[in-house]
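Here's the structure we're looking at; comments come further down.
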Amino acid sequence: MIQQHLLTGIRVLDFTRVLAGPTCTRMFAECGAEVIKVESGPDGDMVRKISKFRGNDRSLYLIQQNLNKKSVCLDFRKPESIALLRELVAQCDVVVENFRPGVMAKLGLAYADCKAIKEDIVYCSISALGQSGELAAKPGYDFIAQAYSGVTSLIGERDEPPYLPLLGLGDVSTGVHAAFGIAAALLHRARTGLGQYLDIALLDCYYHYHEAAVHTCSGTRGAVKPTRSGRHFSYVCPAGVFRANGGSIVLIGFLHHWADLCAALGRPELVADPGWATDQVRLAKVDEVVGMIEAWLMTFPDIDSAIATLDGHGVPCAPILSVEQTLTHPHFIERGTVRTVHDRLAGDIQIPGMPIKGSTYPANNDYVAPLLGEHNAEVLSGLLGKSEGEIAALTASGVLMSAAS
Numbered sequence: 571m572i573q574q575h576l577l578t579g580i581r582v583l584d585f586t587r588v589l590a591g592p593t594c595t596r597m598f599a600e601c602g603a604e605v606i607k608v609e610s611g612p613d614g615d616m617v618r619k620i621s622k623f624r625g626n627d628r629s630l631y632l633i634q635q636n637l638n639k640k641s642v643c644l645d646f647r648k649p650e651s652i653a654l655l656r657e658l659v660a661q662c663d664v665v666v667e668n669f670r671p672g673v674m675a676k677l678g679l680a681y682a683d684c685k686a687i688k689e690d691i692v693y694c695s696i697s698a699l700g701q702s703g704e705l706a707a708k709p710g711y712d713f714i715a716q717a718y719s720g721v722t723s724l725i726g727e728r729d730e731p732p733y734l735p736l737l738g739l740g741d742v743s744t745g746v747h748a749a750f751g752i753a754a755a756l757l758h759r760a761r762t763g764l765g766q767y768l769d770i771a772l773l774d775c776y777y778h779y780h781e782a783a784v785h786t787c788s789g790t791r792g793a794v795k796p797t798r799s800g801r802h803f804s805y806v807c808p809a810g811v812f813r814a815n816g817g818s819i820v821l822i823g824f825l826h827h828w829a830d831l832c833a834a835l836g837r838p839e840l841v842a843d844p845g846w847a848t849d850q851v852r853l854a855k856v857d858e859v860v861g862m863i864e865a866w867l868m869t870f871p872d873i874d875s876a877i878a879t880l881d882g883h884g885v886p887c888a889p890i891l892s893v894e895q896t897l898t899h900p901h902f903i904e905r906g907t908v909r910t911v912h913d914r915l916a917g918d919i920q921i922p923g924m925p926i927k928g929s930t931y932p933a934n935n936d937y938v939a940p941l942l943g944e945h946n947a948e949v950l951s952g953l954l955g956k957s958e959g960e961i962a963a964l965t966a967s968g969v970l971m972s973a974a975s
């Protein structure tokens with residue numbers, strides 16, 4: 571039996587750069603789709619200029635987000651480039667872009683333009699604030715969308731300005747939402763023959779992450795105003811980050827977990843004590859609850875022994891690992907959560923693996939990220955039927971570009 575990956579046979583024309591869009595198209599590439607990364611010359615994706623830690627010109631950021639993609643680099647200022655891109659649209663199932671709203675229209679490659687070329691095209695636009703609405707024209711990044719969404723207002727200590735998480739939470743998760751939307755649109759096309767336009771915004775995704783804040787504020791008509799609560803949850807107790815010998819622990823002891831935590835603490839009488847039995851009464855004296863738990867944690871010589879005792883009583887808990895610790899953690903390695911990839915210029919590096927783990931097709935650690943314009947000739951000859959002479963002329967005239975990294 572010949573194994574086929576989940577998306578074998580799907581071809582994606584990828585106009586994305588940096589993180590949100592490349593996350594989406596990386597998922598397609600790693601699931602077997604042919605992804606053609608279109609880059610604007612002469613420099614290509616702006617991340618090619620950053621994360622160069624190996625003493626050469628190779629961007630580790632680029633590697634992580636662009637495994638198993640093909641790179642075509644063109645000078646977008648030249649009409650010949652746009653003509654080639656329109657030809658490529660006709661050969662693809664999906665177009666993905668994450669330019670500022672309006673850029674693709676100026677290039678003559680908006681959804682309407684592409685639909686005129688290929689009626690059943692699935693076209694996805696990823697942006698910070700959306701393609702419509704009064705904020706659509708603003709320049710946007712992850713943290714801009716996060717700030718508008720109300721999420722930032724919930725992060726940090728109660729009496730200090732909000733904090734920003736130092737990771738691309740919105741970008742990555744928006745890329746995942748976009749990938750799901752595209753996959754659903756492809757399934758819809760298979761059933762109906764119809765294409766689809768998808769407008770995926772970081773703002774909308776961030777707002778969707780509110781577990782309880784929106785309906786709590788609305789349901790109480792504003793009487794409850796969700797805000798920052800520091801290291802601990804504001805609506806259940808105990809739950810949060812607790813100090814221990816040698817570091818900190820995340821521990822959950824609310825609702826039915828309270829009985830397990832009391833058993834671990836050696837305080838089973840607190841389960842039925844009216845002064846301790848419910849989240850509501852514990853929230854009223856959260857400092858006392860936290861103090862009791864942290865004093866108990868400090869009786870252990872280290873975090874591992876505290877975790878072992880909590881695990882033994884079924885209390886949800888975890889040590890707060892550093893990024894460095896995750897690189898060698900056996901659970902991460904066994905599951906491919908941390909993946910070692912072999913880059914031709916940067917050598918072996920570790921990156922986050924794919925969260926999707928299929929039963930019939932394992933992750934491929936031998937996937938590589940493309941050099942700038944590496945696949946110009948392959949794509950133009952294979953898909954568009956361009957001759958060696960035509961490709962040479964396009965290169966000589968500056969329509970096609972490439973670089974050695």
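In the working numbering, the protein residues as written are 571 to 975.
Yeah, the Cβ is synthetic: ideal placement off N, Cα and C, and Gly gets one too.
None of the values given here were measured: they were computed from a predicted structure.
In this model, residue 810 and residue 800 are separated by some 9 Å (Cα to Cα).
The same chain holds no residue with a CB closer than 8 Å to that of residue 682 once the five nearest residues on each side in sequence are set aside.
Excluding the 5 residues flanking it on each side, residue 591 has same chain C-beta neighbours closer than 8 Å at 584, 585, 666, 667, 668, 696, 745, 748, in chain order. By the CB criterion at 9 Å, residue 760 and residue 768 fall outside the cutoff. In its chain, beyond the 5 residues on either side, 970 have a beta carbon closer than 6 Å to the beta carbon of residue 964. With respect to the 9 Å criterion, residue 732 and residue 719 are not classified as neighbours on the basis of their beta carbons.
One alpha carbon belongs to residue 858, the other to residue 741, and they sit about 39 Å apart.
Taking the Cα positions, residue 593 is about 24 Å away from residue 660.
Secondary structure remark: continuous alpha helix (DSSP H) runs of at least 4 residues inside the region 694 to 724, in chain order: 712 to 719. In the three-state scheme derived from DSSP, where H, G and I count as helix and E and B as strand, residue 900 is classed as helix. For residue 863, the closest C-alpha among the options 885, 850, 842 is that of 885. The alpha-carbon of residue 812 is positioned some 24 Å away from that of residue 844.
Distance from residue 664 to residue 580 at the Cβ level is roughly 7 Å; contact confirmed, criterion being Cβ atoms closer than 8 Å. Burial state of residue 808 is buried, judged by a 10 Å Cβ sphere holding 16 or more other Cβ atoms. Assignment of residue 767 by DSSP, reduced to helix, strand and coil, places it in the strand class.
Non-local C-beta neighbours of residue 599 in its own chain, meaning closer than 6 Å and more than five positions away in sequence, comprise 605, 638, 639, ordered along the chain.
A check of alpha carbon separations from residue 613 across 603, 865, 646 identifies 646 as the nearest. DSSP places residue 587 in the coil class of the three-state scheme, outside both helix and strand. Listed in chain order, the alpha helix (DSSP H) runs fully inside the region 807 to 875 are 827 to 835, 849 to 853, 856 to 867, counting runs of at least 4 residues. Secondary structure at residue 789: helix, using DSSP grouped into helix, strand and coil. Residue 798 sits away from residue 714, with the two beta carbons spaced by 9 Å or more. A Cβ-Cβ distance of about 7 Å is found for the pair residue 926 and residue 601, placing them in contact under the 8 Å criterion. In this structure, residue 942 and residue 975 form a Cβ contact; the two beta carbons are roughly 7 Å apart against a cut-off of 8 Å. Taking C-alpha positions only, residue 887 is separated from residue 830 by approximately 12 Å. Taking every protein chain shown into account, the CB of residue 916 has 16 or more other CB atoms within 10 angstroms, so this residue is buried. Each residue's CA atom was taken as its position, placing residue 805 and residue 771 some 29 Å apart.
As DSSP reads the structure, residue 641 sits in a beta bridge with 607. For residue 940, the CB contacts under 8 Å within the same chain, skipping 5 residues up- and downstream, are 607, 636, 639, 640, 641 in chain order.
Judged by DSSP in its simplified three-state form, residue 948 adopts helix. By the CB criterion at 9 Å, residue 780 and residue 721 fall inside the cutoff.
Residues 712, 716 of the same chain have their beta carbon placed closer than 8 Å to that of residue 739, with the five preceding and five following residues left out of the count.
Looking only at 671, 662, 790, the smallest Cα-Cα distance to residue 689 is reached by 662. Taking each of 632, 577, 616 in turn and checking the Cα distance to residue 913, the smallest one comes out for 632.
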